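Take a look at the structure set out below.
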Amino acid sequence: MDKITDSPVTDSAQPDEAAPERPARDRTTRGAALVATLIALPITVLVGGLAFAQLSSNERAEPAATPSATATTAGPRSTAPVEMAAPALAERPATVCRALLSQLPATVNDLPQRPVTAGPEQNAAYGDPAVTVACGGAEPTVGETDDVWTVNRVCWHATEQADATVLTTLDRETAVTVRVPRSYGPALQWVSPISDTLVATVPSGAAPSGCQG
635 MDKITDSPVT DSAQPDEAAP ERPARDRTTR GAALVATLIA LPITVLVGGL AFAQLSSNER
695 AEPAATPSAT ATTAGPRSTA PVEMAAPALA ERPATVCRAL LSQLPATVND LPQRPVTAGP
755 EQNAAYGDPA VTVACGGAEP TVGETDDVWT VNRVCWHATE QADATVLTTL DRETAVTVRV
815 PRSYGPALQW VSPISDTLVA TVPSGAAPSG CQG
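Structure representation (structure tokens):
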């Protein structure tokens with residue numbers, strides 16, 4: 635029989651003696667990660683602070699724009715009756731004026747109609763400040779150098795006041811006067827819808843030569 639002998643255990647059969655070194659490497663890795671975090675955190679805070687400072691600077695340099703009130707924008711507007719005179723009219727002008735006032739539009743260039751203190755059968759008002767319409771007055775005397783304009787087949791003469799332009803018809807059987815505050819810009823644009831109603835309700839009369847053609 636062969637003799638069985640115990641062979642000494644070689645180094646290759648021994649457990650890996652390098653294993654105990656792993657905790658050291660793990661500690662090194664965690665340490666490196668901690669250092670990276672400590673470095674990155676102040677940078678993140680710094681970048682965030684700079685971004686916040688820039689945003690605050692922009693807000694101070696460019697304040698939010700606030701809409702400015704204009705003639706036709708929504709806002710606190712008076713709806714109280716507009717003070718207007720109501721002189722007595724002869725029968726024919728009174729009839730013509732009633733026809734005109736009954737057909738005037740509810741709004742003129744987005745300005746709502748307002749009540750008047752006197753003569754609702756011959757006066758009307760729109761918006762605040764008020765654009766006013768007065769029927770039955772006298773036609774103005776037109777000078778040779780005065781300008782006249784035809785708007786939607788109605789001839790108008792303009793008189794400039796400190797705070798308004800007063801436009802009066804020159805070619806209607808009964809004169810109609812429209813007063814437009816200067817804050818509304820060019821006055822002729824405000825008589826366009828009124829001219830349409832004038833043509834339909836107020837008969838035409840003799841017109842100056844400047845209104846013809």
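Sequential numbering from 635 applies to the sequence shown in the working numbering. From the three backbone atoms N, C-alpha and C, an ideal C-beta is built for every residue, glycine too. This structure is a prediction, so every number in the text was calculated from the model and none was measured.
task = Give the DSSP bridge partners of S838, in chain order.
result = Note: S838 sits in a beta bridge opposite R806.
Cα-Cα separation, V833 to S712 = Approximately 30 Å between the Cα atoms of the pair.
task = Measure the beta-carbon distance from P763 to S843 and round it to whole angstroms, keeping in mind my assumption that it falls under 8 Å.
result = Not quite, the Cβ-Cβ distance comes to about 35 Å (not below 8 Å), so this is no contact.
task = Please report how far the alpha carbon of V750 lies from the alpha carbon of A758, in whole angstroms.
result = Between the alpha carbons of V750 and A758 lies a distance of about 6 Å.
request  = Given a cut-off of 8 Å, decide if V765 and W824 are closer than it, judged by their beta-carbon atoms.
outcome  = Between W824 and V765, the C-beta gap is smaller than 8 Å, which places the two residues in contact.
ask   = Looking only at C-alpha atoms, which of C769, D797 and D805 sits nearest to V782?
value = Among C769, D797 and D805, the Cα nearest to that of V782 belongs to D805.
request  = Assign G839 to one of two classes, buried (16 or more other C-beta atoms within 10 Å of its C-beta) or exposed (fewer than that).
outcome  = Taking every protein chain shown into account, the CB of G839 has fewer than 16 other CB atoms within 10 angstroms, so this residue is exposed.
task = Go ahead and pull the three-state DSSP assignment for V852.
result = The chain is shown only over 635 to 847; residue 852 falls outside these bounds and no answer can be derived.
task = Quick one: grab the DSSP three-state call for R726.
result = Here R726 carries a helix assignment [DSSP, helix/strand/coil].
task = Output yes or no for whether 8 Å exceeds the beta carbon distance between S829 and V785.
result = In this structure, V785 lies closer than 8 Å to S829 by Cβ.
inquiry  = Taking the alpha-carbon of V836 as reference, which of L723, A722 and L734 has the nearest alpha-carbon?
reply    = Comparing Cα positions, the closest option is L734.
message = For C769, which residues in the same chain have their Cβ closer than 6 Å to its Cβ, ignoring the five residues on either side in sequence?
response = Closer than 6 Å at the Cβ level, and outside the excluded window around C769, lie C731, L734, Q756 and V810.
Whole-angstrom distance between T831 and E778, CA atom to CA atom = Just so you know, the alpha carbons of E778 and T831 end up roughly 29 Å apart.
request  = Would you mind sorting G819 into buried or exposed? The rule is 16 or more other CB atoms within 10 Å of its CB.
outcome  = By the neighbour-count definition (other C-beta atoms within 10 Å, threshold 16), G819 is an exposed residue.
request  = Classify V825 as helix, strand or coil using the three-state DSSP reduction.
outcome  = If DSSP states are grouped into helix, strand and coil, V825 belongs with the helices.
request  = Express the C-alpha separation of E807 and E725 in angstroms, rounding to a whole number.
outcome  = Taking the Cα positions, E725 is about 13 Å away from E807.
ask   = Run through DSSP, which three-state label would R711 get?
value = Here R711 sits in coil by DSSP.
inquiry  = Can you look up A772 in the DSSP assignment and give me helix, strand or coil?
reply    = Collapsing the DSSP output to three states places A772 in coil.
request  = Rank V812, T803, A719 and R813 by C-alpha distance to the C-alpha of A841 and give the top, closest one.
outcome  = Considering only alpha carbons, the answer is T803.
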